[in-house]
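Undergrad: Protein chains in written order, with the working numbering: chain V, 455 to 708; chain W, 736 to 898; chain F, 37 to 263.
By construction, the Cβ of each residue, glycine as well, lies at the ideal position given by its N, Cα and C atoms.
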Amino acid sequence: MTATPQLPWRTRAAIFVRFLAIQGSWNYETLVGNGIGFTIEPALRLLPGGIGGSAYRAALARQSQYFNAHPYMASFAVGALARAELEGVDPGKIERFRTALCGPLGATGDRLVWAAWLPLSVLCGILAFGIGAGAGRSVLAFLVTYNVGHLALRFWGLKVGYAEGLHVAKALGHPVFRVGPQWLARAGSLLAGLAIPLAIARGLGPVDPMVLGGLLVTAGLGGLGLARLHGRFEVWKWSLGVLSLVALAAMVRA
Amino acid sequence: MGLELYRIDDRLIHGQVVVGWGQPLDVQFIVLVDDEVASSDWEQELYRMGVPPEMDVHFDSVDDAVMHLAKYQDDSRAGILLTGDIDTMVRLVTASGRVPTVNLGGIHHRPGRTQRLRYLFLSRDEEEQLKALATAGAEVTAQDVPAARALTLNEVLSGEGNR
Amino acid sequence: MTPADIGVVAIIGGVLGLDVVSFPQAMLSRPIVACTVTAGFMGAGFQGLLLGVIVEAFALETLPVGASRYPEWGSSSAVGGALVATSASVTDGGMLMAVIATLATAWVGGWSMVQVRRLNAYWAGQRHDAVADGNRQVVTALQVAGMSADLVRGMLMTAAGLIIFSPLYALAMTRWSLDSSLTRWLLIAIAGTTAAGAVYTVFHTTAQTRWYFVAGLLAALVMLVVR
């Protein structure tokens, strides 16, 4: 093992920009593997021999193999793997560590981002619409909320990943990951209770309160019923079918 | 309740398992069967980080899983059993004789494997192992997430599902 | 729509489609953004927002978990957003048809993403030896090629969606026999039900969430009564 070099800010900036394209060549064979190689590459230039040197080429080849993780959480892997490579950790150990990181980074990111932060941010946008915001403000309510979390997570991932190296698992024990999804789920539920009825009311426009009430009850009971199907049923596809039949009937009869 | 899914997935604990299946099935425990992980503290620590704190994870070797299987199946909560490869599942099915279904959730590309589904790559030997699992009485289907249609082993091996 | 209009919207749709997975995944492709931005570009942002909120209700059900296949909301939302911006106001029949156009294009768009991923796998397989040799030009080229293919895919999806659905949308705007209020009620009821089911599924495993939902619901009802 060699001493850990500092990552120059230019290298960090280059890696950060590349993060945004990490899934550019996503495929069913190596998944995000090539993206990891592409993203970590600026750090590998610091290896002895520089670009094109034997250490650089071996490391780039290693890092471009199969990898699977949540795209934002991959920043933790890239930081940790960059440090391991620059410290000259045994390649066998790096590969085993790399393999073991896939599942946990995927599960953590899916829980925190796709199943909590994203729906919560969407509900912020829907709430903005529900309380009367126009196009710009509704879009910004969603985009700003979502991307503050998104960019912070990528930035933090690179920082902590590089700081912790092979001990990056410690970072996954952070309360943001352990209890964050639960608190976001509670906040999301509160927002859902608030935003969905208000958005429905605004979408429906001025109507008899009984019409609005009937729709809210229908949506509530219908939603509960759909949830009982345990996700074995893609509602949006069936909705498309029903809406198409309605459209056909409405246009043929005209 | 008890074990709702017996899944082969080389990513072990990841998003499709914890969120994709875990949320709609209300899964409260996972049994990860893998001889290497069962003897590796740092890997267990890593995998534990991927699940919500309220979800239990049991790390069992194949021998331990055979011993504890009845207990997991009788659990009042919903659970998922995971293996990272076909070989481990074959050993579990053969030794326990009480695995009713096997879900193929993700076996990815490696030299020598042919693509059967977008998330399933199999070598000739692995295909024979899956046929043996079916002969041993386990219903083998491929399904990555709950909303996808479960494909039978015949559909998988004939390449029908890879469209 | 003129061919020039279709060309401009296809570029917007390509960029929004690229955002879904390849670059920069900042959720510009979510319907609430993509429908609104596309329609806004054509001078009808609020109509786009109405469509975006309705489609978002369906998109909430399809979170991109794991490597599973999911609908592509970026280019499809550009199609829907452009349709509702073609006239100064949208009838309820027109809005329903725009939702159909967006959902259908998203479905096919999801399939088209799978094809791009297969193409990426083919390209990666062809250059396996160079990658295994640590060739940085090849690693970078694969990344750029994948993003370019995805951009083109999104543009083609948008153009195809517009060509297919523009006449249907025009027809729905002029020939619609169903009562306008009933059309709107049906559309919002289906969207609201889908959204309610989706948020229940995604949040219910956390303890106490139902009480938080009830608290939000009560607050909403109070706001609706006193307004």
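Specify whether the segment 193 to 211 of chain F and the segment 81 to 91 of chain F touch according to this definition: at least 3 beta carbon pairs, one from each stretch, less than 8 Å apart.
TA: Result no; under three Cβ-Cβ pairs closer than 8 Å.
Undergrad: Could you spell out the range, first to last residue, of the beta strand (DSSP E) harbouring Tyr741/W?
TA: Counting along the chain, the beta strand (DSSP E) containing Tyr741/W begins and ends at Gly737 to Asp744.
Undergrad: Look up Asn481/V in the DSSP assignment and give the residues it is bridged to.
TA: According to DSSP, which records beta bridges pairwise, Asn481/V is partnered with Leu485/V.
Undergrad: Tell me Gln850/W's beta-bridge partners as DSSP assigns them.
TA: DSSP, once it has assigned bridges, lists Phe856/W as partnering Gln850/W.
Undergrad: Interface residues of chain W around Leu694/V at Cβ under 9 Å?
TA: Correct list: empty, because the minimum Cβ distance to chain W is about 14 Å.
Undergrad: How is His749/W classed by DSSP in three states: helix, strand or coil?
TA: If DSSP states are grouped into helix, strand and coil, His749/W belongs with coil.
Undergrad: Within 8 Å (strictly less), CB to CB, does Val614/V reach chain W?
TA: Val614/V does not count as touching chain W.
Undergrad: Who are the Cβ neighbours of Val630/V in its own chain at under 8 Å, not counting the five residues just before and after it?
TA: Excluding residues within five positions, the ones whose Cβ falls inside 8 Å are Leu566.
Undergrad: Using CA coordinates, which residue listed in Ser58/F, Met63/F, Ile136/F and Val56/F is at the minimum distance from Leu198/F?
TA: Ranking Ser58/F, Met63/F, Ile136/F and Val56/F by Cα distance to Leu198/F puts Ile136/F first.
Undergrad: How about Met824/W and Ala623/V: are their beta carbons less than 8 Å apart?
TA: Not in contact: Met824/W and Ala623/V (Cβ atoms no closer than 8 Å).
Undergrad: Using a 10 Å radius around the Cβ and a threshold of 16 neighbouring Cβ atoms, would you call Asn156/F buried or exposed?
TA: Looking at its Cβ environment, which holds 16 or more other Cβ atoms inside 10 Å, Asn156/F is buried.
Undergrad: Considering Ala536/V, what are the terminal residues of the alpha helix (DSSP H) in which it resides?
TA: Ala528 to Leu540 is the span of the alpha helix (DSSP H), which, as asked, contains Ala536/V.
Undergrad: Would you say the segment 848 to 868 of chain W touches the segment 800 to 818 of chain W, given that touching needs at least three Cβ pairs under 8 Å?
TA: No: the two stretches stay apart, fewer than three of their Cβ pairs being nearer than 8 Å.
Undergrad: Using a C-beta to C-beta distance shorter than 7 Å, which residues of chain W count as neighbours of Arg565/V?
TA: Neighbours of Arg565/V on chain W, chain order: Val753, Val754 and Pro787.
Undergrad: Expressed to the nearest angstrom, what Euclidean distance is found between the alpha-carbon atoms of Leu257/F and Pro651/V?
TA: Cα to Cα, Leu257/F sits roughly 8 Å from Pro651/V.
Undergrad: Output the boundary residues of the alpha helix (DSSP H) element that contains Gly228/F.
TA: Start and end: Ser216 to Phe239.
Undergrad: Compute the beta-carbon to beta-carbon distance between Leu521/V and Val471/V, rounded to the nearest angstrom, for a pair I have assumed lies under 8 Å.
TA: Residue 521/V is actually Phe in this sequence, not Leu. Not quite, the Cβ-Cβ distance comes to about 19 Å (not below 8 Å), so this is no contact.
Undergrad: Any residues in the segment 623 to 649 of chain V with a beta carbon nearer than 8 Å to a beta carbon of chain W? Which ones, in chain order?
TA: If the cut-off is 8 Å between Cβ atoms, the segment 623 to 649 of chain V has Ala623, Leu626, Gly627, Phe631, Arg632, Val633, Pro635 and Gln636 near chain W.
Undergrad: Alpha carbon to alpha carbon, how far is Ser111/F from Met527/V? Give it in angstroms, no decimals.
TA: Cα-Cα distance, rounded: 26 Å.
Undergrad: Quick check on His621/V - is its C-beta less than 8 Å from some C-beta in chain F?
TA: So no, His621/V is outside the interface.
Undergrad: Quick one: is Trp571/V near chain W, going by C-beta distance under 8 Å?
TA: It does not; no Cβ of chain W falls within 8 Å.
Undergrad: Kindly indicate if chain V contains any beta-carbon less than 8 Å away from that of His749/W.
TA: Judged by the 8 Å Cβ criterion, His749/W is in contact with chain V.
Undergrad: What do you get for Asn889/W, buried or exposed, if any count of 16 or more other CB atoms within 10 angstroms of its CB means buried?
TA: It counts as exposed.
Undergrad: Taking 8 Å as the CB-CB cut-off, is Asp761/W touching chain F?
TA: With 8 Å as the cut-off, Asp761/W counts as an interface residue toward chain F.
Undergrad: Once you ignore the five residues that flank Thr98/F on each side, which residues in its own chain have a CB closer than 6 Å to its CB?
TA: So the qualifying residues of the chain are Tyr106 and Pro107.
Undergrad: Closer than 9 Å, Cβ to any Cβ of chain V: which residues of the segment 217 to 235 of chain F, in chain order?
TA: Listed by position along the chain: Ser217, Thr219, Arg220, Trp221, Leu222, Leu223, Ile224, Ala225, Ile226, Ala227, Gly228, Thr229, Thr230, Ala231, Ala232, Gly233, Ala234 and Val235.
Undergrad: Give me the Cβ distance between Val264/F and Gly642/V, rounded to the nearest whole Å; I'm assuming they're in contact under 8 Å.
TA: For residue 264/F there is no data in the structure shown, the boundaries of chain F being 37 and 263.
Undergrad: Could you list which residues in chain W have their beta carbon closer than 7 Å to that of Arg686/V, in chain order?
TA: Those are Pro881 and Ala882, listed as they occur along chain W.
Undergrad: Taking the alpha carbon of Leu119/F as the reference point, which residue from Gln173/F, Thr138/F and Leu187/F has its own alpha carbon closest?
TA: Checking every option, the nearest Cα to that of Leu119/F belongs to Thr138/F.
Undergrad: Suppose the cutoff is 8 Å on Cβ atoms and the five residues either side in sequence are ignored; what does the same chain contact list for Ala536/V look like?
TA: Excluding residues within five positions, the ones whose Cβ falls inside 8 Å are Leu461, Ile469, Ile494, Ala497, Leu498, Gly615 and Tyr616.
Undergrad: Just verifying my parser: in three-state terms, what is the DSSP assignment at Glu789/W?
TA: In this structure, Glu789/W counts as coil in the three-state DSSP scheme.
Undergrad: Looking at the C-beta of Glu618/V, does it have a partner C-beta in chain A at a distance below 8 Å?
TA: Any reference to chain A falls outside this structure, whose protein chains are V, W and F.
Undergrad: Kindly give me the distance between the Cβ atoms of Thr818/W and Asp769/W, rounded to whole angstroms, as I take these residues to be in contact under 8 Å.
TA: Indeed, because the Cβ distance is near 7 Å, the residues count as touching under 8 Å.
Undergrad: What is the rounded straight-line gap between the Cα of Arg189/F and the Cα of Leu87/F?
TA: Whole-angstrom Cα-Cα distance: 23 Å.
Undergrad: How many angstroms separate the CA atom of Ala95/F from the CA atom of Thr230/F?
TA: Using only the alpha carbons, I get a separation of about 9 Å.
Undergrad: So for Gly615/V, helix, strand or coil by DSSP?
TA: It is helical.
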